[in-house]
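According to our numbering, the sequence shown is numbered sequentially starting from 30.
Below you'll find the structure, written out as structure tokens, and then a few comments.
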Amino acid sequence: MRQRAEVAILAEDPLMVELDTPIESPRAYERRGNRALSRRDWVTAAEHFRRGLVLEPGDPTLRHRLATVLFQMGDPGGAFVEFERILQTAPDFALAHFSLGVLLEGAGRRPEAIARFEAAARHEPAYVEARLALAGLLRREGRFEEALLQYERVMEESAPGDPRIEEAPFGHAIALVRLGRHADARDRFGEGMAAYPDQPFFVHALARLLSGATDPRVRDGARALALLETLPEAARTLDLGESMAMALAATGRFGEGASWQRNAVDRAARGGRADLVPGMREKLAHYERGLPWRSDDPVEFDPFLERSAGAIR
30 MRQRAEVAIL AEDPLMVELD TPIESPRAYE RRGNRALSRR DWVTAAEHFR
80 RGLVLEPGDP TLRHRLATVL FQMGDPGGAF VEFERILQTA PDFALAHFSL
130 GVLLEGAGRR PEAIARFEAA ARHEPAYVEA RLALAGLLRR EGRFEEALLQ
180 YERVMEESAP GDPRIEEAPF GHAIALVRLG RHADARDRFG EGMAAYPDQP
230 FFVHALARLL SGATDPRVRD GARALALLET LPEAARTLDL GESMAMALAA
280 TGRFGEGASW QRNAVDRAAR GGRADLVPGM REKLAHYERG LPWRSDDPVE
330 FDPFLERSAG AIR
């Protein structure tokens, strides 16, 4: 789980610092705590938020800030307690539900995390991060139809190309692949490429689908190869080797495909990704025998898979 706190980094206003000094109020302590957060001074931030809570124990924003700091200080248990305390007095505070979902997912308690993300989205329907977190977790749990609905809701309510939601068209397409709807997935990846031209993972995913789909109406190795050849040098990562190998084999160029795959295997082994090597060698064996790679799930990579549901904010 990506353990970080997203806080607005604001320049300190010397006048505000001076004015805050004699004031004893929840908002003054919140401002002081936020300034400490901007300096990543977790101990001081926690002290200010606690003092504010002494004056106003039921303030959900102050308590959420305190919980965030505790999480950042390496105390997820303490953060969990504070997030739950918020919901005792403010059960519709969506941010607390979301943050609990992040902690629960990180602890492997996925059904409970799903319930928290659902609650966050229910109490704040336009909460993009919560809905994406819910969709992603539903997808990882194999609940693809439900995931599709959440991704569709995000895309319907956001502007095309919104950088916050690039996961939505990608995750939607992956769910379609898992459901065997390869033609629909092909179209969704294409839409993602058009909306996010700077994101190479749409190109890789579409090329792999075109190369290895079991549906002959979807397969198009020549198009896959053409797509990959348009990638800039900076986007030519480990994934490119496998993608190129698949596309070359799909067009009958098995020797070249095997060469690309061998290089990809070597890079994975040297790069500390020994977990990928057995599957990569299985593909290599196909190419060496003059066979293309076919799979019900030919994409086989997900840049969002290892991201947390979100960040505690």
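C-beta: ideal position from N, C-alpha, C; glycine also.
A Cβ-Cβ contact shorter than 8 angstroms links Phe333 with Phe199.
Taking all protein chains in view, the Cβ of Ala314 is surrounded by fewer than 16 other Cβ atoms within 10 Å, so the residue is classified as exposed.
Comparing C-alpha distances from Ala278 to each of Asp216, Ala136, Ala253 and Glu134 shows the shortest one belongs to Ala253. Rounded to the nearest whole angstrom, the CA to CA distance from Gln290 to Leu269 is 10 angstroms. Taking the CA atoms as reference points, Leu305 sits about 28 angstroms from Leu177. Collapsing the DSSP output to three states places Ala136 in coil. In the DSSP secondary-structure assignment, Ser324 is bridged to Ala242.
Runs of alpha helix (DSSP H) with 4 or more residues, each lying fully within the stretch 55-142, are found at 55-67, 71-84, 89-101, 105-118 and 123-135, listed in chain order. Looking only at Ala212, Glu271 and Arg207, the smallest Cα-Cα distance to Arg246 is reached by Ala212.
When secondary structure is reduced to three states using DSSP, Gln228 falls in the coil class, being assigned neither helix nor strand. In this structure, Arg139 and Ala150 do not form a Cβ contact; the two beta carbons are roughly 16 angstroms apart against a cut-off of 8 angstroms. Only residues of its own chain outside the window of five on either side were considered, and among them Arg139 have a CB closer than 7 angstroms to the CB of Glu170, listed in chain order.
Rounded to the nearest whole angstrom, the CA to CA distance from Gly221 to Val294 is 28 angstroms. Close CB contacts of Ala234 within its chain, under the 6 angstroms cut and outside five residues either way in sequence, are with Phe218 and Val328 (chain order). In terms of CA proximity to Met184, Tyr156 leads the group Tyr156, Ala75, Arg210 and Arg248. When DSSP states are grouped into helix, strand and coil, Ser187 belongs to the coil group.
Membership of Ala293 in the alpha helix (DSSP H) is indicated by the continuous run Phe283 to Arg299. A direct Cα-to-Cα measurement between Ile115 and Leu91 gives close to 10 angstroms. A straight-line Cα-Cα distance of about 17 angstroms links Ala164 and Leu124.
With a threshold of 16 other beta carbon atoms within 10 Å, Pro154 falls short and is exposed. For Arg248, the CB contacts under 6 angstroms within the same chain, skipping 5 residues up- and downstream, are Ala242 in chain order. With respect to the 8 angstroms criterion, Asp88 and Gly81 are classified as neighbours on the basis of their beta carbons. In this structure, Ala214 sits away from Ala276, with a CB-CB distance that is not shorter than 8 angstroms. Taken through DSSP and simplified to helix, strand or coil, Glu311 comes out as helix. A straight-line Cα-Cα distance of about 19 angstroms links Ala197 and Glu134. Excluding five sequence positions before and after Gln179, the CB atoms of its chain that fall closer than 6 angstroms to its own CB belong to Arg160, Leu163 and Ala164, given in chain order. Val157: member of the alpha helix (DSSP H) spanning Val157 to Arg169, first to last residue. In the three-state reduction of the DSSP assignment, Val247 falls in the coil class. In this structure, the beta-carbon distance from Thr280 to Ala303 does not fall below 8 angstroms. Counting of Cβ neighbours within 10 angstroms places Pro307 among the exposed residues, the total staying below 16. Of the other Cβ atoms in all chains shown, fewer than 16 fall within 10 Å of the Cβ of Gln117; this residue is therefore exposed.
DSSP places Ala197 in the uninterrupted alpha helix (DSSP H) bounded by Glu196 to Arg207.
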